[in-house]
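Each protein sequence line maps, in turn, to chains A and B.
In my numbering, each residue's number is its place in the first sequence (first place is 1) plus 547.
In my numbering, each residue's number is its place in the second sequence (first place is 1) plus 335.
Heads up, the thing below is written out as structure tokens.
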Amino acid sequence: MNRQKRWPRRPILLILCLFWTAVQPLAGLAQGIPTPTFPALQGEQEVLSIHAATDRPAMEPLIRDFQILNPNTRIEFVEYVTNDLFAAAFKACQDGRALGDVLLSSGVDQLVKLANDGCAGSVRSPETQTIPRWANWRDEVFGFTFEPVVFVYNRDRVPAEDVPKTHLEIADLLRLKPETYQGRVGTYDIRQSGIGYLLAFNDSQQTTTTYGRLLESLGRAHTVVRCCTGEILDEIEAGRILIGYNMLASYAYARVRAGARLGLVMPSDYTLVLSRGAMIPAGAGKAAAGTRFINYLLSGRGQTLAQQEAFFFGFAGEAPAGVEGAASIVRAGIARPIAIGPALLAVQDDERRRRFIADWSRSLIDMTAR
Amino acid sequence: MARREPSLFTRLIVLISLVLMAGAAALTTAAWYYARAAANDAYDRLLVGAAYQMAEALTVQGGTLTVELPVSAFELLANSERDRIFYKIVDPDGGTLTGYPDLATPESDAPAMAVPEAQDGRFKGVDVRVTKVGRFFSDPSVQGRVDVVVAQTTEARTALARELTLRAVALIIVMSVLALGGAVFAIRYALRPIGRVGAALRDRDPHDVTLITVSTPRELRPFVSATNEFITRLKDRMDLMQQFIADAAHQIRTPLTALKAQLQLLSRHPMEPQGLQHLTRVQERVDQLSRLAGQLLSHAMVNHRAGAVPLETVDVVEVVRRAIREAVPETLDRDVLTSLELPPVPVTIEGDAISLKEAVKNVVDNSVRHGAPTQLTLRVRQESQTVNIEVEDDGPGIPPELWPQVTKRFGAPSPGGTGLGLSIAADVLAAHGGCLTFRHADRNGFTVIMSLPSRTGPKS
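As structure tokens, this is what we get:
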């Protein structure tokens, strides 16, 4: 009620919110956006349908390499945003169908929820045993990437002394230099982004006081919230935003490789690590092909290629050149992988989600809007 | 032919194995039951604990019931890594605040203060354990009981129960194997006296009719005493037989003596040469008959004494002296030079003097009758392990191919012989643990050697 009156003060937000109000009902119904398929390299014998809420450019080299091993497989790649993928998969499972043959999503909590509801098929192979235990639940949901959650900043605009190294430092920076960073910090809008919610939730689980101070500072700094990593990175590159909080390192590093003047910091107090999830829906038509694909993703070959071309980090935690922070956050002991397991069900609880997002909104959006 | 019965060992092992198998099956069932109870108990605590944590997180804020489900509750349940978790929170009006609305609320009649219990259920087509924790609110806006229902699949419980059972089964198998091994050992040990009695019976000399004195457990005593009774009866019968033979021989001797006297009287009468020839033949036959009777008597006596009379210290030299003295009347009939080569000191062994004397007499008799034309020598020699009594004559002796037969009863009856003499000697020696051997000298000369085991070895 109150918000309604305050919106006009920030026209951009108003437009954005209006846009989302318009889009949201459509998004609920939206099926994934089909993209050109990856035709079989040789005579087509089967079609593997991958429904994914993950960026296709990163997946492309992996899919093409998989096709070298399986030249008779055509791959159909359907793209969603995480919440839509979950909604579609959940509905399909309720109806006793399977959505595609493989689900890929960075919203691992949603995949865990699906597996908990019995919507996942089991995959047991030597490859599934090689990944860390926290990245495998019930041999049904697998984490196939290792993606530190980092601070991203614009190298040209943020002086070296300002670059935050810990969560506390970023909170202090925003508090001490409001004139510089007011309205120039960006993060996920957790109301829209499943990953953003998952990351914020895990932040809150790490240290309550730090999280509280950080949230307060972010709110005071009139933090810009966006649905997706890409948008924030665009704005950082353009210089409209100086620091991006809780960004997935893989996206940002891809831009660094492409020449963007971005700096990446793995916080030295703790670095959340998200592992994108892969799952075979129960009753999938091409479960065998799906199993092959998941095995490929987890295999040495798939992991090596992913580290070189797609996600730039491996389960060992070694950071590529140009990322600030520990050489290996795993060895340094600061990695906080978001374990794929039943604890994520607490994240997925409707009531808890509602309350968390409400609190978050109160601290961040209302403050921003004030 | 009696049906072939399974051995005692087999019977016992089969029976014990059956008992052990039945026991193992019963124990395995019990182990599975207890293991499942233990696994349920262990994981139910976590389940109830998680439900309590969730109930703890219930709050009333701004007049509405709300809950911030603690991650720790789920982490508690994640102790069973593979198990799926279902929950719902039911507000006092019966509406589902959050969670799975179609999860059934377990009916429990337990009073509100009681510790919640977990029970079996099914949800989404799988077995679950489900528990309910109630929390009462008496807020102005929220009044009544809020139920927290938590369910968990049973994979970890089953896995734990299976592991516990497998360990118990491993123990049961080890115990059974040990028990079976112990049983095999015990049965073999317990059955050993049977083998001992069997061996005692088997190793007995055919003529041995002494009682079995093997010490046996109580259970075998009826068997042994029955055998001993049988032996006693057998001995009685054998004694009777021997007695009968002895009596018969004795009874025959008296008329034979009379017959011989009559024949001598008859020979004094003048008669035709042919008649005389017949008479001579009759006399020879009568002599033979009388010798047979004597030897039957001797045989009966020797056999009777063997095994029935305890052995005592015997001076072999003295035995030989007596034997030759008693044999002399018979050897006097012919001109045979008899010489004795005896040691000046007594040579003692364990034996039966009377049987030994009969043996020597029979050997001497045999030599005089079939061997020695002129010369007979008796020697007693102390060897390292044996005491040898040698009877040497200058006759042709017995051809070696007949040696094995001559010691058998009626084995190689010679013309004019009875076929008993050497067999009597052999029996006596066998009863003493000795043996009868033969030796041919280079020229004329044949020696019968009676070897007896020496008691104390050679004397200086």
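Quick reminder that beta carbons are idealized off the backbone N, C-alpha and C, glycines included.
No experiment lies behind these values; they were computed from the predicted model shown.
Tell me where the beta strand (DSSP E) around residue i begins and ends.
{"i": "residue 473 (chain B)", "result": "461-473"}
{"i": "residue 676 (chain B)", "result": "672-676"}
{"i": "residue 794 (chain A)", "result": "790-795"}
{"i": "residue 650 (chain B)", "result": "647-650"}
{"i": "residue 423 (chain B)", "result": "420-425"}
{"i": "residue 787 (chain B)", "result": "781-788"}
{"i": "residue 432 (chain B)", "result": "431-434"}
{"i": "residue 412 (chain B)", "result": "From DSSP, residue 412 (chain B) is part of no beta strand (DSSP E) but of the alpha helix (DSSP H) over 406-412."}
{"i": "residue 651 (chain A)", "result": "649-652"}
What does DSSP give as the partner residue(s) for residue i in the beta ladder?
{"i": "residue 480 (chain B)", "result": "B:471"}
{"i": "residue 773 (chain A)", "result": "A:735"}
{"i": "residue 456 (chain B)", "result": "B:463"}
{"i": "residue 884 (chain A)", "result": "A:820"}
{"i": "residue 391 (chain B)", "result": "DSSP, once it has assigned bridges, lists no residue as partnering residue 391 (chain B)."}
{"i": "residue 585 (chain A)", "result": "A:622"}
{"i": "residue 683 (chain A)", "result": "A:689"}
{"i": "residue 729 (chain A)", "result": "Residue 729 (chain A) pairs with nothing; no bridge assigned."}
{"i": "residue 775 (chain B)", "result": "B:781"}
{"i": "residue 485 (chain B)", "result": "B:422, B:466"}
{"i": "residue 399 (chain B)", "result": "B:396"}
{"i": "residue 780 (chain A)", "result": "None, per the DSSP bridge assignment."}
{"i": "residue 564 (chain B)", "result": "DSSP lists no partner for residue 564 (chain B)."}
{"i": "residue 770 (chain B)", "result": "B:786"}
{"i": "residue 763 (chain A)", "result": "Note: residue 763 (chain A) sits in no beta bridge, so no partner."}
{"i": "residue 554 (chain B)", "result": "According to DSSP, which records beta bridges pairwise, residue 554 (chain B) is partnered with nothing at all."}
{"i": "residue 871 (chain A)", "result": "A:812"}
Count the other CB atoms, across all protein chains shown, that sit within 10 Å of the CB of residue i; report buried if there are 16 or more and exposed otherwise.
{"i": "residue 690 (chain B)", "result": "buried"}
{"i": "residue 814 (chain A)", "result": "buried"}
{"i": "residue 728 (chain A)", "result": "buried"}
{"i": "residue 442 (chain B)", "result": "exposed"}
{"i": "residue 368 (chain B)", "result": "exposed"}
{"i": "residue 785 (chain B)", "result": "buried"}
{"i": "residue 682 (chain B)", "result": "buried"}
{"i": "residue 429 (chain B)", "result": "exposed"}
{"i": "residue 565 (chain B)", "result": "exposed"}
{"i": "residue 406 (chain B)", "result": "buried"}
{"i": "residue 617 (chain A)", "result": "buried"}
{"i": "residue 800 (chain A)", "result": "buried"}
{"i": "residue 708 (chain B)", "result": "exposed"}
{"i": "residue 498 (chain B)", "result": "exposed"}
{"i": "residue 719 (chain B)", "result": "exposed"}
{"i": "residue 346 (chain B)", "result": "exposed"}
{"i": "residue 592 (chain B)", "result": "exposed"}
{"i": "residue 792 (chain B)", "result": "Annotation note: pLDDT 43 at residue 792 (chain B) (below 50); position unreliable, coordinate value reported separately. The residue is exposed, with fewer than 16 neighbouring Cβ atoms inside 10 Å."}
{"i": "residue 568 (chain B)", "result": "exposed"}
{"i": "residue 524 (chain B)", "result": "exposed"}
Pull up the CB-CB distance for residue i and residue j, whole angstroms please, since I reckon it's below 8 Å.
{"i": "residue 594 (chain A)", "j": "residue 621 (chain A)", "result": "5 Å"}
{"i": "residue 733 (chain B)", "j": "residue 695 (chain B)", "result": "Going by Cβ atoms, the distance from residue 733 (chain B) to residue 695 (chain B) rounds to 18 Å, so no, they are not a contact pair."}
{"i": "residue 659 (chain B)", "j": "residue 698 (chain B)", "result": "Contact flag wrong, Cβ pair sits at about 11 Å."}
{"i": "residue 600 (chain A)", "j": "residue 629 (chain A)", "result": "4 Å"}
{"i": "residue 657 (chain A)", "j": "residue 895 (chain A)", "result": "7 Å"}
{"i": "residue 659 (chain A)", "j": "residue 884 (chain A)", "result": "In fact, because the Cβ distance is near 14 Å, the residues do not count as touching under 8 Å."}
{"i": "residue 519 (chain A)", "j": "residue 783 (chain A)", "result": "Not covered by the structure: residue 519 (chain A). The range shown for chain A is 548 to 917."}
{"i": "residue 628 (chain B)", "j": "residue 596 (chain B)", "result": "No, residue 628 (chain B) and residue 596 (chain B) are not in contact; Cβ-Cβ is about 16 Å, not under 8 Å."}
{"i": "residue 427 (chain B)", "j": "residue 383 (chain B)", "result": "About 21 Å; that fails the 8 Å criterion."}
{"i": "residue 507 (chain B)", "j": "residue 362 (chain B)", "result": "5 Å"}
{"i": "residue 378 (chain B)", "j": "residue 415 (chain B)", "result": "6 Å"}
Note the first and the last residue of the continuous alpha helix (DSSP H) segment covering residue i.
{"i": "residue 669 (chain A)", "result": "Per DSSP, residue 669 (chain A) belongs to no alpha helix (DSSP H) and is neither H nor E."}
{"i": "residue 629 (chain B)", "result": "608-640"}
{"i": "residue 748 (chain A)", "result": "741-753"}
{"i": "residue 500 (chain B)", "result": "490-537"}
{"i": "residue 892 (chain A)", "result": "891-895"}
{"i": "residue 877 (chain A)", "result": "876-879"}
Could you tell me whether the Cβ of residue i comes closer than 7 Å to any Cβ of chain D?
{"i": "residue 489 (chain B)", "result": "The structure shown contains no chain D; its protein chains are A and B."}
Mind listing, in chain order, the continuous alpha helix (DSSP H) runs of no fewer than 4 residues lying wholly within the segment 800-866 of chain A?
Runs of the alpha helix (DSSP H) inside the segment 800-866 of chain A: 834-845, 847-852.
Identify every run of the beta strand (DSSP E) within the segment 680-759 of chain B, keeping only runs that are complete inside it and at least 3 residues long; order them along the chain.
683-686, 710-717, 721-728
Segments of 4+ residues assigned as alpha helix (DSSP H) that fall wholly inside the segment 587-633 of chain A:
603-616
Residue ranges of each beta strand (DSSP E) run of no fewer than 3 residues wholly in the segment 685-718 of chain A, ordered along the chain?
688-690, 694-701
Please give me, in chain order, every unbroken run of the alpha helix (DSSP H) with length at least 4 that falls completely inside the segment 571-597 of chain B.
none
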